Amino acid sequence: MTAPTPPTPPFRDPRLPFAKRVDDLMSRLTLDERTGFLHQFAPAVERLGIAAFRTGQEALHGVAWMGPATVFPQAVGLGATWNEDLVRRVGEAVSREARAMRARDDRVGLNVWSPTVNLLRHPLWGRNEEGYSEDPKLTSAIATAYTRGLRGEHPTYWRTAPVLKHWLAHNNETDRDTSSASVRPRVLNEYDLRAFRETVEAGAVAGVMPAYNLVNGRPNHVSPYLNRQLRAWTEDDLLVCSDAGAPSNLVDSEHYFDTHEEATAAALRAGVDSFTDHGTDSSKIVARVRGALEQGLLTEADIDAAVRRQLSVRFRLGEFDPEHDPYAVTPESAATGFDTPEHRALALETAEQAVVLLKNDGVLPLAPGTRVAVVGLLADECKLDWYSGTLIHRSTPLEGLYERFGAERVSFAEGVDRVRLRTAAGTFLHVLPSDDSPDEARGTEGALDPALLAGRTDLPPLTTDAVGTELALVDWGEGVLTLRAPDGRYLSVAEDGYLRASADQPGGWVVQETFRLEPHGNGHLLRHTGTGRHVRVAADGVKVAASDTPLDDGAPEVFDVVVTERGEDAVTRVAAEADVVVVMAGNDPHINGRETEDRTTLWLPAHQERLLRAARAANPDTVLTLVSAYPYAVDADALPAVLWTAHGGQAAGTALARVLAGDVSPAGRLPQTWYADDADLPDLLDYDVIGGRQTYLYFEGTPLFPFGHGLSYASFSYADLAARVADGEVSVSFTVTNTGDVTADEVAQLYVRAEAPSVPRPRRELLAHRRVTLAPGATAEVSFALPLSAFAFWDVAHDRWRLEPGPYALLVGASSEDVRLSTTVSLDGEPDAPRPVRERGLAAADFDEQSGTEIVDRTKTTGDAVTPVAAGEGELLYRDCDFGPGITRVTVTVAGVEGTVEIALDGGPAPAVLSPDAPTPGPYDYVEIGAEMTAEGVHDLRIRLRGSLRLAHVGFSG
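Counting from 174, one number per residue, gives the positions in the sequence shown under the working numbering.
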């Protein structure tokens, strides 16, 4: 007899809802199996036929870290397109390639960690390249488009499952795992949460990743907002994946918890579902979870909630329904979704749309037959960043201009300083010839963690000889140098400590291709930045010292830098012979401004300033093209034309050449303010965009180039503005006409300004935008329907959103400062009402204004308190406090070692001064102290804090 076929378990039945299937599968998993799922690398459960699963596949602007893939422009470049349809198509292409690559290599994940929706609040942030904009509305619009492309259109199954990064208020690499962002409630709700919220509510997000930093004194990995805010925005199960190593940071660097069991339990209860820690080794996380269970810090229900959310994502990805998955790809069909002609064309289209023309006095577009000199450190480069895939195709500006204008009409000077390094013995550093074997160490096979890729040791180390090798030296700023051999390879240091010409480009988590020249006597020491060690010459080759103690490993070499050619001399020669000079300046994404390292200045490095000055002096028709991950401050007045583009991926050079030649009219727009000087910037750790007057929303100075700015080879007129308020929304329409003589795109932008606000509101705030293509003479009608909620603000007096009645100016134009049309609408709303402090008291963090204070955690799980910065002195202002018929007593809830709380009305003397009798046992052990105080009616309340006290609440009675 044939054995009966066992019944299909419900979790394998595609006819059932996912929730019921998850329930069934959960019931079949043991506690140990469920616990194993909490690590990034969830093991297979063979007895149930469940495969292993990995959370996390980097896909910021293409599939990263897994070998060759289509490389699109950096995320900030996608933001500069202001084009949601385009970005959706990019997301779709990336997800198709992820599926195709997974069919060939199951290490490629479908839970993609992208996009980054951190707002580009501060242009010196090292990871500026990863975000879309300083504006929450534009950021959410672009992020929503990208996630929709990543997700796919099927109502049930997802092509990939996108995770938003990095929750929350994360804009600094300096001390990023220990610094705390002080974020007042208005900034939290109107700015930082908003980009996440609108993207999540759009319905194409599978989860979020908390950031390394702390917000209001509490690590983001135990943020109460994960459950209180994030999961309230959608009915979908959202998977929260920790950032790499962050769970351990809760104890090891942040010292927020005493034990890893406490920390792991707290993160899990706060809403973290998948722990990215200790690489592929899940044993430590599993042991911590088990320990937390044994200590009663966790329950099985806590574990089950997290596992359930992970399984929900896996079901949506079709893992359990391969025969029904509309996005399933086989190894045989993978080629149809990878590096297709359509993807190559899309990469070019995206790179073209990301180019921003900042200034043009008529030198652009370049006339046919123009003799072009292309000069600068980025002229023949197609740079990748940390989150790039491996290039299949490559186009540099030089190559693009050769192709467009012909090599005979294009001259080139890179502008490097060419040097020889002479030793104290009179010999020179020498690069031995190699067999030009491929770079297997960097590889194209892909790595789950490229930080683990080792440097090459198969090439000969540098030696010395009487003649030496001429090296190309570039100073990237801050004294950080690269040295490149004549064969194009950069000097690098591998694990064995020897110097070799071995790297195609600077790169890696710890860059091994950068150096510093340090004055020493009559020469220079050469310090390798990756190891921090000086270079020395040994009998068996040139290497870095094993330590900084000369007696241990020989003395570092003192070099004489012999310059054989200055970069500006080469630039001057070619610039003088050209009709137009295109100076290609910018950054290397792995040096001075990247993950782990913030910039220190907006200004171009001195080396590149030298090249720009030389080009300008030799030829006044000099076009500055900045290729960079972030804004710069430059002297634009002295230049006839300036362009900017982010690192544009595989088609960057072709795209730029087509824009310069006028084949494409530029229509990118700045996604963030370009400030004129470092003096315009707030402190990097000042997250108060309102009080600090930051971003285009509040900045009151004159920017170098404003938010939304970008020029065209055409001209456009705006007309017929109409606005109507009805049925709970504001309808706005206007027309845009191409008054130029070329087909071009225009990005029409609509802003709002509250005309009679009761609290500080933005100078103008983006409500909507649209990118339209218009032939010469063509007109398009642009219309928007805006919900009244778009005009609301967070009312700290009543802890909720409020639409304030009154006039609102609607501003239409080509940038935040280039306003062409305006009108005013009057909105009904909820009138301003005083704070009901007699009934509710005051939450300390709900201030209207502050100076000298920071917000900290009231407890380790929830709530805020306020304390003076560095135990000094600070002040809080609460406007329009209603004491009703009168109060006779005030109480304050405080914790800390020592200090005073002074309370005054309307700027008068302090009728109440309170101080605890003794220090509280700890920062979270609050006491309530009181004093007599009389007040009635409505007054402004001012509180002065001194010392290390944490103030959580102020109450009134009597």
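Note that beta-carbon positions come from the ideal geometry of N, C-alpha and C, so glycine has one too. Model, not experiment: these values are computed from the prediction.
- Around the beta carbon of Gln-922, 16 or more other beta carbons lie within 10 angstroms, which makes this residue buried.
- CA-CA distance, Arg-275 to Val-281, rounds to 5 angstroms.
- Judged by DSSP in its simplified three-state form, Met-382 adopts strand.
- When C-alpha distances from Gln-823 are compared across Leu-521, Leu-947, Leu-1000 and Leu-690, the shortest belongs to Leu-521.
- When secondary structure is reduced to three states using DSSP, Leu-940 falls in the strand class.
- Pairing Pro-679 with Glu-686 gives a Cβ-Cβ distance under 7 angstroms.
- Sequence-distant partners of Tyr-305 (beyond 5 residues in either direction) whose C-beta falls short of 8 angstroms from its own C-beta, in its chain, are Ala-248, Val-249, Leu-251, Gly-252, Pro-288, Thr-289, Val-290, Leu-293, Leu-311, Thr-312, Ile-315, Ala-316 and Pro-844.
- DSSP, read as helix, strand or coil, puts Ile-315 in helix.
- For Tyr-305, the secondary structure class from DSSP, reduced to helix, strand or coil, is coil.
- Within the same chain, Cβ atoms closer than 7 angstroms to the Cβ of Leu-646 are found at Val-589, Asp-590, Val-592, Leu-654 and Leu-656, the five residues on either side in sequence being excluded.
- Membership of Ala-368 in the alpha helix (DSSP H) is indicated by the continuous run 366 to 374.
- Residue nearest to Asp-475 within the set Leu-211, Leu-574, Gln-230 and Asn-760 is Leu-211 (criterion: CA-CA distance).
- Counting every other CB atom within 10 Å of its CB across the protein chains shown gives Pro-541 a total below 16, marking it as exposed.
- For Lys-457, there is no enclosing beta strand (DSSP E); the enclosing alpha helix (DSSP H) covers residues 456 to 467.
- Across the set Asn-422, Val-373 and Glu-408, the C-alpha of Asn-422 shows the shortest separation from the C-alpha of His-394.
- Secondary structure at Gln-230: strand, using DSSP grouped into helix, strand and coil.
- Distance from Leu-259 to Gln-526 at the Cβ level is roughly 6 angstroms; contact confirmed, criterion being Cβ atoms closer than 8 angstroms.
- For Met-274, there is no enclosing beta strand (DSSP E); the enclosing alpha helix (DSSP H) has its first and last residue at 257 to 277.
- Cβ contact annotation for Ala-242 (same chain, cutoff 6 angstroms, sequence separation greater than five): Gly-235, Val-236, Glu-270 and Gly-562, in chain order.
- Judged by their CB atoms, Leu-961 and Tyr-981 are not nearer to each other than the 7 angstroms cut-off.
- If you draw a straight line from the Cα of Ala-749 to the Cα of Ala-546, it is about 9 angstroms long.
- The Cβ atoms of Leu-784 and Glu-738 do not sit closer than 7 angstroms to each other.
- In this model, Ser-268 and Val-753 are separated by some 41 angstroms (Cα to Cα).
- Inter-segment contact for the stretch 898 to 910 and the stretch 945 to 958 is present: three or more beta-carbon pairs are separated by less than 8 angstroms.
- Beyond the five residues adjoining it in sequence on each side, Ala-811 comes within less than 7 angstroms, by CB distance, of Arg-789 in the same chain, given in chain order.
- A residue is called buried when at least 16 other Cβ atoms come within 10 angstroms of its Cβ; Gln-230 meets this threshold and is buried.
- For Lys-310, the three-state secondary structure derived from DSSP is helix.
- Listed as beta-bridge partners of Pro-960 by DSSP are Glu-902.
- In this structure, the alpha-carbon of Tyr-330 lies about 24 angstroms from that of Gly-444.
- Around the C-beta of Gln-781, 16 or more other C-beta atoms lie within 10 Å, and the residue is accordingly described as buried.
- Within the model, the alpha-carbon separation for Asp-425 versus Ala-751 is close to 59 angstroms.
- The three-state reading of DSSP puts Thr-774 in coil, since its state is none of H, G, I, E or B.
- The continuous alpha helix (DSSP H) containing Gly-573 extends over residues 570 to 578.
- A check of alpha carbon separations from Asp-761 across Arg-442, Tyr-385, Phe-226 and Leu-551 identifies Leu-551 as the nearest.
- If only complete runs of 3 or more residues are kept, the stretch 418 to 454 shows no beta strand (DSSP E) anywhere.
- Counting C-beta atoms within 10 angstroms of its own C-beta, Thr-208 has 16 or more neighbours from the protein chains shown and is therefore classed as buried.
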